[in-house]
Every structure is written in structure tokens, then in C-alpha cells.
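Colleague: Chains as they are written, first to last, in the UniProt record's numbering: chain V, 1 to 132; chain L, 1 to 132.
Note that beta-carbon positions come from the ideal geometry of N, C-alpha and C, so glycine has one too.
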DNA sequence: CGGAATCCCCCGTGATACTG
DNA sequence: CAGTATCACGGGGGATTCCG
């Protein structure tokens, strides 16, 4: 990374999606938005993620200017990750995505329940809409 | 597809991201938001996308309830894709992503220009990693 | 915390099929 | 024939696992 060959997309939407694309990035951001967090904290908050992957995702977000990294020269070395201004600007967007995701889940689950009553799980088959 | 094993994520954010994830989905949505479009139209608007992939992405978005599909039994077979209510609800979110992407592009490019004046293009290197 | 091997999914190419 | 949809195949990148 930091590789000139791996440039971000030109279209703003795709660029934004690319930046927040990553198995754990939204979750990490969720915690970091709340305030500075050190690595061990994040690790404890998300037990299902490997330390390597966690650091990996943090590194990428750092390169993309979403989070900042501060190293404290204390006895037990200490590293804190904080959200940058640019990163914080992403919070409302992620919240919007979250809300839409909830609505989507509700509506889709409703359809799934209805689908249980009918035969086929796929509605795309018996569909001959001959509208004019 | 329509495979019960491939369920969407539980977390709303990830669910939303998963649904709009796809090389061409944002672009397709952009056009479909403007009004009903038939396949050949979309193909003409986006020359760089293959017919197969186009149909693929449309199918997925249909299964996810983002777009609707209408088949007209005319002389040359005709199919129109339209945005659903749920799909339209996504428009402001995509716009927000777009705006943030623009800002991100501006700020990042500024940093890149500054980096030209300094020595190292990578800031992640000379960082005292004293963690074990 | 880095590197290598691995798996799997996304996407692209080209050819083919179906329907009036 | 024109428009729509599908299939067989292959490459590439992200994510996971194991090892040092």
C-alpha cells in the first residue's frame, strides 16, 4: 500500500466505498468515534478479529486519513488510535447507512416471512408482468 | 443466488454496505433513480460493463429489493428496471457518500502535494514500534 | 507483528440460447 | 434479426490460517 499503482477510484462514491470497504472497518470506526482507543482495548472489544487483521485495517485507515496514531513513550509501550476530522465527517454517513440497513432488514424479513407461506423462495421466476 | 446459505450480515451497517457493494451498482442506481430504464439503455449508458455483469448486478439488486423488473411482451422483447421505494431511500445516502468522497479526494490530494516537498512518501515507516 | 500459502468470491471474456 | 438472458472458463484481490 502507499503504492502509486493502487490508486483510489475517481468517482467519489466508489472512492468512499473503497475506503470504508473492509471486513471490520465500520466496526472499528464505531468504537474509535467514541474516543481514543488503544490497541488492546479494541482487541478486547472485538474478540472475533485477529490482531494482525486489526492492525492491518488500522494501517489502511491511517493511510487513508481516517484515523491517527499516537505513540506514548511509557514503560509499557502504549499506542492510541484516534479519529481524524475527515474520519469524524464519516460518522453521519455511517449512521445513515446503518438506519437504511435496519429498514432494509425489516422489509426483507417481512418478505421472507411471507415467502414461507408460498412455495418458491425466489420470486423472480413466475413473473410475467405484461404492462403496457 | 437466492441461496439460503448466503445470508446478509446482521449488523445494519455491514448489511447496507454488502447490498450496495458491487463494481457497478452505485452507477446503475444513479441512472435508475432518474427513471425506468431498459437493459439496452443501461448498456448504452455504461459501455464499459459487460451484459452478463450488468444483468448479474441487476438480479442481485432485485433480490435485495432495490430495483423492480417489468417484462413487456412486445415484438422485440422489452425489459424495464425501476427503483423501488426501498431503493429510492438509498439515494440520499449515496449522495452523502459521494460528497464525503469528494472531500476525501481533495484533502488527500493536498497531502500528496505536500508530501512531494518532504522526503519520504510514506509516513508509516519511521514510527517507533515498541509494542510486543 | 510480518510473510507465505490458501480459499473464495467478484468480475471479465466469449460463446450460446431463447423468444417473437 | 433484435433484445434479453445464461453458461463455461479464467484471472485477481481480499480475507483467513499457520508459521517464524
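Hey, would you say residue 79 (chain V) sits closer than 8 Å to residue 23 (chain V), going by beta carbons?
Modeller: Start at 1 with the first residue of the first chain, and residue 79 (chain V) comes out as number 79. Start at 1 with the first residue of the first chain, and residue 23 (chain V) comes out as number 23. Between residue 79 (chain V) and residue 23 (chain V), the C-beta gap is not smaller than 8 Å, which leaves the two residues out of contact.
Colleague: Identify which residue in L:15, L:36 and L:7 has its Cα closest to the Cα of residue 101 (chain V).
Modeller: As a working note, residue 101 (chain V) is residue 101 in the first chain. Selected option, being the one with the closest Cα: L:15.
Colleague: Please classify residue 74 (chain L): is it buried, with 16 or more other beta-carbons within 10 angstroms of its beta-carbon, or exposed?
Modeller: Here residue 74 (chain L) refers to the residue found at position 74 when the second chain is read from its first residue. Exposed: under 16 other Cβ atoms inside 10 Å.
Colleague: Of all the residues that make up the segment 24-48 of chain L, which are near chain V by a beta-carbon distance shorter than 7 Å?
Modeller: 26
Colleague: I need the straight-line Cα distance from residue 29 (chain L) to residue 97 (chain L), nearest angstrom please.
Modeller: Here residue 29 (chain L) is taken as the residue at index 29 of the second chain, counted from 1. Here residue 97 (chain L) is taken as the residue at index 97 of the second chain, counted from 1. In a straight line, the C-alpha of residue 29 (chain L) is about 14 Å away from that of residue 97 (chain L).
Colleague: Where does residue 86 (chain V) fall in DSSP's three states?
Modeller: To locate residue 86 (chain V), count along the first chain from 1; it is residue 86. Looking at residue 86 (chain V) - three-state DSSP - the assignment turns out to be helix.
Colleague: Can you name the residues that DSSP bridges to residue 80 (chain L)?
Modeller: As a working note, residue 80 (chain L) is residue 80 in the second chain. Paired residues: L:38 and L:70.
Colleague: DSSP three-state label for residue 100 (chain V), please.
Modeller: Position 100 of the first chain, counted from the start, is the residue given in the question as residue 100 (chain V). Helix, per DSSP.
Colleague: Whose CA, out of L:106, L:17, L:26 and L:32, lies closest to the CA of residue 68 (chain L)?
Modeller: The count along the second chain starts at 1 and reaches residue 68 (chain L) at position 68. Of the listed residues, the one whose Cα sits closest to residue 68 (chain L) is L:32.
Colleague: Rank V:87, V:52 and V:49 by C-alpha distance to the C-alpha of residue 61 (chain V) and give the top, closest one.
Modeller: For this step, residue 61 (chain V) is matched to residue 61 along the first chain. Nearest option by C-alpha distance: V:87.
Colleague: Could you tell me if residue 83 (chain L) is buried or exposed, where buried requires 16 or more neighbouring beta carbons within 10 angstroms of its beta carbon?
Modeller: Here the question's residue 83 (chain L) lines up with position 83 in the second chain. When all chains shown are included, residue 83 (chain L) counts as buried.
Colleague: What is the DSSP secondary structure of residue 19 (chain V), counted as helix, strand or coil?
Modeller: Locating residue 19 (chain V) in the first chain gives position 19, counting from the first residue. Residue state, collapsed to three classes: helix.
Colleague: Indicate the three-state DSSP secondary structure (helix, strand or coil) for residue 49 (chain L) in the structure shown.
Modeller: If you number the second chain from 1, residue 49 (chain L) lands on position 49. Three-state result, residue 49 (chain L): coil.
Colleague: Within the same chain, show all residues whose beta-carbon is closer than 7 Å to that of residue 25 (chain L), passing over the 5 residues directly before and after it, in chain order.
Modeller: In the second chain, residue 25 (chain L) corresponds to position 25, counting from 1. So the list reads 57 and 61, once near-sequence residues are dropped.
Colleague: Can you tell me whether DSSP reads residue 7 (chain V) as helix, strand or coil?
Modeller: One-based indexing of the first chain puts residue 7 (chain V) at position 7. DSSP places residue 7 (chain V) in the coil class of the three-state scheme, outside both helix and strand.
Colleague: Which residue comes first and which comes last in the alpha helix (DSSP H) that contains residue 75 (chain V)?
Modeller: Working through the first chain from its first residue, we reach residue 75 (chain V) at position 75. It is not in any alpha helix (DSSP H) - residue 75 (chain V) carries neither H nor E in the DSSP assignment.
Colleague: Measuring alpha carbon to alpha carbon, tell me which of V:13, V:20, V:65 and V:47 ends up nearest residue 85 (chain V).
Modeller: Reading the first chain from its first residue, position 85 is the one you call residue 85 (chain V). When each option's Cα is compared against that of residue 85 (chain V), the closest is V:65.
Colleague: How long is the line joining the alpha carbons of residue 90 (chain V) and residue 12 (chain V), rounded to whole angstroms?
Modeller: Sequence index remark: in the first chain, residue 90 (chain V) carries index 90 (1-based). Sequence index remark: in the first chain, residue 12 (chain V) carries index 12 (1-based). Looking at the two C-alpha atoms, the distance is approximately 14 Å.
Colleague: Should residue 9 (chain L) and residue 81 (chain L) be called a contact, given that it needs their Cβ atoms to be closer than 8 Å?
Modeller: As a working note, residue 9 (chain L) is residue 9 in the second chain. As a working note, residue 81 (chain L) is residue 81 in the second chain. Not a contact, by the Cβ cut-off of 8 Å.
Colleague: Among the residues of its own chain, which have a CB less than 8 Å from the CB of residue 18 (chain L), if the five just before and after it don't count?
Modeller: Counting from 1 along the second chain, the entry for residue 18 (chain L) is found at position 18. These residues qualify, in order along the chain: 8 and 9.
Colleague: Using a C-beta to C-beta distance shorter than 7 Å, which residues of chain V count as neighbours of residue 97 (chain L)?
Modeller: Your numbering for residue 97 (chain L) matches position 97 in the second chain. 13, 16, 17 and 93, listed in chain order.
Colleague: Would you say residue 90 (chain L) reaches chain V, if we count a Cβ-Cβ gap shorter than 8 Å as a contact?
Modeller: Looking up residue 90 (chain L) in the second chain gives position 90. Chain V, which has a Cβ nearer than 8 Å to the Cβ of residue 90 (chain L), makes this yes.
Colleague: Quick check on residue 127 (chain L): does DSSP put it in helix, strand or coil?
Modeller: For this step, residue 127 (chain L) is matched to residue 127 along the second chain. Note that residue 127 (chain L) scores a pLDDT of 45, beneath 50, so its modelled location is shaky; the value from the coordinates is reported in the next line. DSSP places residue 127 (chain L) in coil when its eight states are reduced to three.
Colleague: Give the residues of chain V in contact with residue 103 (chain L), contact being defined as C-beta atoms less than 8 Å apart.
Modeller: One-based indexing of the second chain puts residue 103 (chain L) at position 103. When 8 Å is used as the limit between beta carbons, residue 103 (chain L) is near these residues of chain V: 86 and 89, in chain order.
Colleague: Between residue 106 (chain L) and residue 48 (chain V), what straight-line distance do the alpha-carbon atoms span, to the nearest angstrom?
Modeller: One-based indexing of the second chain puts residue 106 (chain L) at position 106. One-based indexing of the first chain puts residue 48 (chain V) at position 48. Between residue 106 (chain L) and residue 48 (chain V), the C-alpha separation is close to 35 Å.
Colleague: Chain L beta carbons: is any one of them nearer than 8 Å to that of residue 107 (chain V)?
Modeller: In the first chain, counting from the first residue as 1, residue 107 (chain V) sits at position 107. So yes, residue 107 (chain V) belongs to the interface.
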